[in-house]
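Enquirer: Protein chains in written order, with this note's numbering: chain A, 486 to 868; chain B, 3 to 259.
First the structure, then my questions, so here it is.
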C-alpha cells in the first residue's frame, strides 16, 4: 500500500522536498547543539525546560483529535465520520512523532536515551510518558493501516482490531493525563500544582486537536477532490466549540482560585503571565491569546457563524493560536517564573531552538503527508 | 553433513557464551549502585546525615567565601556566568532562601544578609522520585542524595522537581571553566545535571565535608539517627528552621537564625 505514496503530482513532491530541506537545516542546528551543549538554547538554570517541552505539551493534545472522532464512530456508530477517521488517526501519528522528537532534542545526553528502558523506573512520570506516547503511536499506526488495507481490499476490518480501537480510546486519555502529571506532581511549582491540570489538558486537547484536523480537512478539500462531508464538518465544529468553552472555563477557575485566595504563590505566576509583574513578551502573547480565545468563542458559539465556511476556518485558526500560546508557551514559562527563589529569570527561545523545533515539526508533517497520500489514494480507488 | 551440524552446535554454544557476558554485566549494573562497594574502616558512617548552619556566625561575604571555595575547588565546579552557572553551595538573599518567611519589620541584621544554600538531601526527595533512569538516588545506607553522572540523560526533570533550586545543568563543556583541576575528583561532561553530594567521597575517607571543615564551626554535620551526635545536640538546644518545610520533602539541612 505504501507504493501509492510514490506516485504524486509535482506539488506533492515539492512539498516533501521542502520538508526535507527544513529537516536538513534543523538537523544541522541539532548537530551544533549536540556539539556545544544546550548553551545554544535560551534555557538556563531557573527556566530549565522551554520551547522543546512546550511542543510536547501542545502536540500531545493534537494527537487527541483521533479519539474525538473514533469514539462517536465506533461507540455510537456515527457514520458521518467514516471518511475523516483515517485522517484523525494518521494526524495522531505525526503529532506523536513531534512529541517524541521534542523530548529527544531536549535531552542533554540523547545517546543515553535508552537508559529509560534499561533502568525502568515506575515512580517517574517521564517513564510512563515514554510508555504511553509510544503505545499510542503504535496503536494508531496498526489501527489506521489495517483498516485502510481492508478498505482497499473491499473487506471488513479483521475482528482483532476492534479491541485495539477501544483500547486506543482509553489510551488517548492516558497520554494527556500522564503528560499533565509531568507538571502537576511537582512540589513548589505553584502554577502547575493544580488538580485540574489533567482536565485542562484534556479540554484544550479536545478543542485544539479537532480544530487542526478540521483546518487540514479544509485544505485537503481545496487541494484534492477528497470530501469529508458537510455533516462531519458540522459535528467536529460542535465538538471544538464545546471543548473550547470548557477549556476557557477551567482557565478562569485557576484565575479565581489564585486571586480570590490571594495566596502569593498562586498569584505570582499569573501576574507574570499577564504582565503585572516583570512583564515581557510572554505577557503580550498571553493577551493576544486571551483576545483570540474569546474571538474564537464569539465566532463558534452562534450556529449561523459556525456553519459559515468562510468564517469557520478563521475561528479555528484563532482557537489554535490561542491554545498554543496558553498551553505551550504560557504553561511552561509561567511554571518556571517566578522561579523557586521567587525571583525572575528571563527565557526566550533562540534561533537554534526554533530551527531544531521546525525540523521536528517537519518530520512529523512528513510522516502525515505520506500517510495522508496513501489514505486519499485508497479512498479514491474504492469510492 | 555431520561436521556442519557439529559446527553449528559449537557456534551456538559459543554465541550463547558471548551473549551471557553482557547479560550478567547488565544484571550487575541493575543492583543498587552502592552494593558494588565496601566501605573502608576509617569511613565516617551514619544512617541519616544532616547539617546545621549557624547563620549567626556567617554574615559577611568573607565568611562564606572560604566555604564555597573549599567545596567548588574539591569538586571541580566550573566558574560560569549566571544564568548558566553551576552551583553546589552558594548564598542568596533571605526572601529568596526562605520565601514565605519574609517580614519587612524584622531586624535589619537578620533580614538583610546573605544566607547559605546547598542541596537539602531531603528525606523524601522529589528529584529521586521523578528521575526516569535512577541516575539520582538516595543511598539506603546514609540517606545522602547522590547522582550517577554516567547514567543521567540530561532530561532536567529533577531540576523542575527540586523546590530548592539545588540542581545545576551542564549547558556546556565545563572543563575550560575549571580554574584548577583536582585530579582526585572526576569532572563532568556537558549535558548532565549535578549538585552537592554532601562530600560522600570525603566521608568514605573519614573526613568531614569540605565546607564543614572550612567553616570554623559555623556548620555542624552529623547523624540525625544518633541521639548523641553533634547535630542532635545543637538541634536540642537551638531554635532552627528549614527551607519550605510545608512541601513535605523533609530537608536535612537546618538553619539557626
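Ideal placement from N, C-alpha and C gives every residue a C-beta, glycine not left out.
Being a predicted model, the structure only gives us computed values, none of them experimental.
1. Do you know offhand how far residue 575(A)'s Cα is from residue 629(A)'s?
2. Of all the options 151(B), 115(B), 178(B) and 181(B), which has the alpha carbon lying nearest to the alpha carbon of residue 170(B)?
3. According to DSSP, is residue 256(B) helix, strand or coil?
4. Using only alpha-carbon positions, find the residue among 642(A), 604(A), 549(A) and 566(A) that is nearest to residue 716(A).
5. Is the beta carbon of residue 501(A) sitting closer than 8 Å to the one on residue 854(A)?
6. Name the DSSP bridge partner or partners of residue 140(B)?
7. Could you give the DSSP three-state label for residue 52(B): helix, strand or coil?
8. Between the region 703-717 of chain A and the region 745-753 of chain A, do at least 3 Cβ pairs fall closer than 8 Å?
9. Residues of the region 141-163 of chain B in Cβ contact with chain A at a cutoff of 7 Å, in chain order, please.
10. When burial is assigned at 16 or more other CB atoms within 10 Å of the CB, is residue 185(B) buried or exposed?
11. Consult DSSP for residue 33(B) and reduce its assignment to one of helix, strand or coil.
12. Does the contact criterion of 3 or more C-beta pairs under 8 Å hold for the region 693-703 of chain A versus the region 720-732 of chain A?
13. Residue 170(B) touches chain A at which residues, Cβ-Cβ below 8 Å?
14. Give the DSSP-derived three-state secondary structure of residue 241(B) in the structure shown.
15. Closer than 8 Å, CB to CB, is residue 66(B) near chain A or not?
16. Can you tell me whether residue 486(A) is buried or exposed? The criterion is at least 16 other CB atoms within 10 Å of its CB, across all chains shown.
17. State buried or exposed for residue 30(B), treating a residue as buried only when at least 16 other CB atoms are found within 10 Å of its CB.
18. In terms of alpha-carbon separation, which member of 737(A), 560(A), 598(A) and 672(A) lies closest to residue 652(A)?
19. Considering residue 591(A), what are the terminal residues of the alpha helix (DSSP H) in which it resides?
20. Hey, does residue 247(B) have any beta-carbon neighbour from chain A nearer than 8 Å?
21. Which partner residues of residue 93(B) appear in the DSSP bridge assignment?
22. Near residue 563(A), which residues of its chain fall below 7 Å by C-beta distance, leaving aside the five closest residues on each side in sequence?
23. Taking Cβ-Cβ distances shorter than 8 Å, what residues in chain A pair up with residue 97(B)?
24. Helix, strand or coil for residue 180(B), going by three-state DSSP, please let me know.
25. For residue 790(A), collect the residues of the same chain with a Cβ closer than 7 Å to its Cβ; drop the 5 residues on either side in sequence, then sort them by chain order.
26. To the nearest whole angstrom, what separates the beta carbons of residue 665(A) and residue 686(A), a pair I think is in contact under 8 Å?
27. Whole angstroms is fine: what's the gap from residue 842(A)'s alpha carbon to residue 587(A)'s?
28. Please identify, using Cβ separations under 7 Å, the residues of the region 603-625 of chain A that lie next to chain B, in order along the chain.
29. Cα-Cα, which of 649(A), 637(A), 681(A) and 760(A) is closest to residue 663(A)?
30. Residue range of the beta strand (DSSP E) that residue 731(A) falls in?
31. Based on the DSSP secondary-structure assignment, which residues constitute the bridge partners of residue 170(B)?
32. Please check the pair residue 598(A) and residue 155(B), which I expect to be a contact at CB under 8 Å, by giving their CB distance rounded to whole angstroms.
33. For residue 257(B), would you say it is in contact with chain A, using Cβ-to-Cβ distances shorter than 8 Å as the test?
34. Beta-carbon within less than 8 Å of residue 661(A)'s beta-carbon, same chain only, minus the 5 sequence neighbours each way: which residues are those?
35. Figure out for me which residue from 584(A), 553(A), 516(A) and 514(A) has the closest Cα to the Cα of residue 542(A).
36. For chain A, find out if any of its Cβ atoms is closer than 8 Å to the Cβ of residue 254(B); answer yes or no.
Expert: This is what the structure gives:
1. 7 Å
2. Checked all of 151(B), 115(B), 178(B) and 181(B); the closest Cα to residue 170(B) is 151(B).
3. Residue 256(B): strand per DSSP, three-state reduction.
4. 566(A)
5. yes
6. In the DSSP output, where bridge partners are listed per residue, residue 140(B) has 147(B).
7. strand
8. no
9. 153, 154, 155, 156, 157, 158, 159, 161, 162 and 163
10. exposed
11. Bear in mind that the predicted position of residue 33(B) carries a pLDDT of just 48, short of 50, making it unreliable; the figure below should be weighed with that in mind. Residue 33(B): coil per DSSP, three-state reduction.
12. Counting Cβ pairs under 8 Å, three or more are found: they touch.
13. At a beta-carbon threshold of 8 Å, the residues of chain A lying near residue 170(B) are 530, ordered along the chain.
14. coil
15. no
16. Exposed: under 16 other Cβ atoms inside 10 Å.
17. Note on residue 30(B): pLDDT 49, under 50, position unreliable in the model; the coordinate value appears next. Exposed is the call here.
18. Checking every option, the nearest Cα to that of residue 652(A) belongs to 560(A).
19. 569-591
20. no
21. 118(B)
22. 557
23. 827
24. coil
25. If we look at residue 790(A) and ignore the five residues flanking it on each side, its Cβ neighbours are 784 and 796.
26. 4 Å
27. 7 Å
28. Residues 604, 606, 608, 609, 610, 611 and 612.
29. 681(A)
30. Residue 731(A) -> not in any beta strand (DSSP E); alpha helix (DSSP H) instead, spanning 715-746.
31. 196(B)
32. 6 Å
33. No - not a single Cβ of chain A is within 8 Å of the one on residue 257(B).
34. 545, 546, 549, 683, 686, 687 and 690
35. 584(A)
36. no
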